[in-house]
Amino acid sequence: MGRRRRRSSSTFSIKRRTTESLGFDEFGFAHTKGKDRKLQHRCHHYSYPQLNARRVKELCELLSYWNGSSFICRSQIERFMRMGIPPALRGRVWKCLLNIDKLRESSAFNYQKCLDEIRGPLVDLGVSEYGIISAIATLNDTENDLGSNRLPSHCPPDLAYSSADVTIFRQIALDLQRSFPTHRTLMGESPEAIEGQAKLFRVLIAYAKYNPKIGYSQGMSYIAAVLLMNLSEEEAFWALGVLLEKPKYLSELFDLSGEKIQHQAMVFHQFLKHRKPQLSKHIEDVRVSPIHFVIPWFLTLFTSLPCWDSVLAIWDLIMLHGLSAVFRTGLTIIQLLESRLMNLTDEAAVLPMLLRVPVDVSQHCVLLPALWSTEVQEWEIKCMNSLVLEETEGHHPGKNEKPTPPPLPTKVKEQQESVDGPTLEAKNPVRKDSSASGVKNVFTRLVRMAQCYLLDKGCKSGDSKPCPSRGTSARHRSSKASSLTQSQIRTKRRSQKGVSQQGSVSRTKGQTLPSPTPDSDGPVKDSRPEPAAFRRMGSGPVGRVARRRSSLPLRVESLRLLRTRTPQSPSPLSSPPPSSPAPSLTHQSRKTALSRELSSRCNCLNKTTNPLRNTQESQLI
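With my numbering applied, the sequence shown has no gaps in its numbers, which climb one by one up to 693 at the end.
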């Protein structure tokens, strides 16, 4: 027994020495040589930008007062993502973007209590969480015995585990071997690797208990492992819960049956047809299905790329924008590989290039600038999703049939279309060609949204009456302005001010202003408020000078004199009697009278106690 223990310890020390003899890069991946490097497909030359001390301090201050609902905070964190998030602060950035503390506080699930409940079945199975990989054979035998209703003799009659528990244990143990086998926290049998494997197992089995609807499916081990590289164990568990449950992130990718990921692969295929029709047709001609390369990309969130700094930068963008960033990354990689893929005519050459992206394409200095310049809108993904749903319903007319809802009222339907876009029936009434209908759907939706926006603007500007045109309003103002004289306007202003007449009398040293009579100036209606057109006519420098000097009696007398000398415009309906013809003055005489009155006014103003203030006012008058 002692020899066996010494032999196992010596074997352990040899494996530990070989693990320690390997060098690791700054992200924890082992430097491989020769054939191993080609098999692992990992590059250790990183080109990500590094922030200076001032930028790092600004980022720390931003994270200290972080508010996830603030547009300013999210725009600032996107600016730092473009510059490059430091590896030491990436965990804090992910915690703020996912807001895992809120989920932890609102949930009644206890992580530590769940782990205590999991350890009971493991003890009954004779398996430890720190040796789960070596217990794969034991789990296989137990699962087969449970399937054939043959239990081992050493098992107690009241089992603390079920066949479903054993199946999940075995699936997770199998995926632990494949999840980043060259990373120092998961590689070999060193204490660090054993502890890393145990952490990954606990996070995955706890989430399967936390959310039985999703449980555990292939690909989760990669996501949980990346989270554990940047967060603590419990933080990684809650971050995994946010990513897999929120519709913004990966809730449309993972389920027990695997139908969601296949559906999203078809959505990406339609999206590729919409953006790159020639390349999509070429891939179809080569007989490469999008399921073959899209599913590995989406399930592992591009962790198969050889440059790990590019992988982490992609994850930063996914944490910020969600599922749209996944589509955006896939489109960017295909755009960078487009020229090479178009030159390949064999499936055996196209598919490996898509599954193992070349290093020169996945480098940070190449992939990330192209990724930030690529735009993918959420409505594009929704439109492609509706096309895929139509195709699946068209292929299976007997399945998934839903009763047609009653028709909505017109107002409700318009409001629903303005918020959510047109319905599925309105988008594609008759679809002959998928690409043409997709472009038509997008254009129709934009036009309808613009119409609703303009109608809402029109209703806000004028509630019940239609807004008149500019020409009509100008003619309306000119007709109103010509119906009243300047003296009537001044009289209305004085009546509104109340005491302006008394102040003007005191300034003119006892001289009283002649009040307008009905015979000369027409009836004055003081009860009506002053129209807005006259208030606008009194604005400007000339209006200000006229208001200041309106109390002078000489101006009133001169204006009245000019008004009596100017001919009255006859009404088009009634002509003046021949016995009393209207006085008429020629243009030259009218100009001479006006200049005489203005010169006499300036001479008189020079003798008064309140002269003009400057030459500009005199020129204006």
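Note that the Cβ used here is the ideal one computed from N, Cα and C, for glycine as well.
Task: Nearest residue (CA-CA) to GLU267, options VAL238, SER458, TYR120, MET301 - done: MET301
Open item on the list: When you compare the CB positions of GLY291 and THR372, do they come within less than 9 Å of one another, or not?
Closed with: yes
TODO: Less than 8 Å between the CB atoms is what I'm expecting for VAL358 and THR417, so what's the real figure, rounded?
DONE: 7 Å
- [ ] Could you check what DSSP says for ALA278 in three-state terms: helix, strand or coil?
- [x] helix
Open item on the list: In the DSSP output, which residue or residues are listed as bridge partners for HIS255?
Closed with: PHE101
Task: Cβ neighbours of VAL165 in the same chain (closer than 6 Å, five flanking residues each side left out) - done: ILE157
TODO: State the DSSP-derived secondary structure class of SER647, mapped to helix, strand or coil.
DONE: Bear in mind that the predicted position of SER647 carries a pLDDT of just 44, short of 50, making it too unreliable to give a figure here.
Open item on the list: What would DSSP say about GLY394, mapped onto helix, strand or coil?
Closed with: coil
Task: DSSP-derived helix/strand/coil call for PHE96 - done: strand
- [ ] Quick one: using the 10 Å Cβ neighbour count with 16 as the cut-off for buried, is LYS174 buried or exposed?
- [x] exposed
Task: Euclidean distance between Cα positions of LEU325 and GLY394 - done: 12 Å
Task: Bridge partner(s) assigned by DSSP for CYS379 - done: CYS115
- [ ] Compute the Euclidean distance between the alpha carbons of LEU211 and ARG191, then round it to the nearest angstrom.
- [x] 15 Å
Task: Coil, strand or helix - SER179 by DSSP - done: Note: SER179 maps to coil in three-state DSSP.
- [ ] For TYR202, name the three-state secondary structure that DSSP assigns.
- [x] helix
Task: Euclidean distance between Cα positions of ARG114 and PRO159 - done: 19 Å
Task: Cβ-based burial, VAL422 [other Cβ within 10 Å; buried from 16] - done: buried
Open item on the list: Can you look up SER545 in the DSSP assignment and give me helix, strand or coil?
Closed with: Note on SER545: pLDDT 43, under 50, position unreliable in the model; no value is reported.
Task: Counted within 10 angstroms of its Cβ, other Cβ atoms place HIS436 as buried (16 or more) or exposed - done: buried
Open item on the list: For SER445, which residues in the same chain have their Cβ closer than 7 Å to its Cβ, ignoring the five residues on either side in sequence?
Closed with: none
Open item on the list: With the cut-off set at 9 Å, would you say PHE101 and HIS116 are in Cβ contact?
Closed with: With contacts defined as CB atoms closer than 9 Å, PHE101 and HIS116 qualify as a contacting pair.
Open item on the list: Buried or exposed for PHE399, going by 16 or more other Cβ atoms inside 10 Å?
Closed with: buried
Task: Element boundaries [alpha helix (DSSP H), containing GLN350] - done: 349–357
Open item on the list: Across the region 301–317 and the region 329–346, are there enough close Cβ pairs to call them in contact, namely three or more that are closer than 8 Å?
Closed with: Taking one beta carbon from each stretch, the region 301–317 and the region 329–346 have fewer than 3 pairs nearer than 8 Å; the two do not touch.
Open item on the list: Within 8 Å, do at least three Cβ pairs link the region 122–133 to the region 274–287?
Closed with: no
Task: First through last residue of the alpha helix (DSSP H) which encompasses GLY163 - done: Element bounds for GLY163: 162–170.
Task: DSSP three-state assignment for PHE241, whether helix, strand or coil - done: helix
Task: Rounded straight-line distance, which links the Cα of ASN415 to that of GLY313 - done: 43 Å
Task: Three-state class that DSSP yields for GLY575 in the structure shown - done: Annotation note: pLDDT 46 at GLY575 (below 50); position unreliable, coordinate value reported separately. Helix, per DSSP.
Open item on the list: Please list the terminal residues of the continuous alpha helix (DSSP H) segment that includes VAL438.
Closed with: 436–445
- [ ] State buried or exposed for HIS341, treating a residue as buried only when at least 16 other CB atoms are found within 10 Å of its CB.
- [x] buried
Open item on the list: Let me confirm a value: HIS255 is counted as buried when at least 16 other C-beta atoms fall within 10 Å, else exposed. Which label applies?
Closed with: buried
Open item on the list: Looking at the secondary structure, which residues open and close the alpha helix (DSSP H) in which PRO362 lies?
Closed with: 362–372
Open item on the list: Does the region 180–200 come into contact with the region 236–253, if we say contact requires no fewer than three beta-carbon pairs (one atom in each stretch) closer than 8 Å?
Closed with: yes
- [ ] Kindly indicate which three-state DSSP category TYR294 falls into: helix, strand or coil?
- [x] helix
- [ ] Could you work out which residue in ALA308, VAL460, VAL429, SER352 is closest to ILE172 when comparing CA atoms only?
- [x] ALA308
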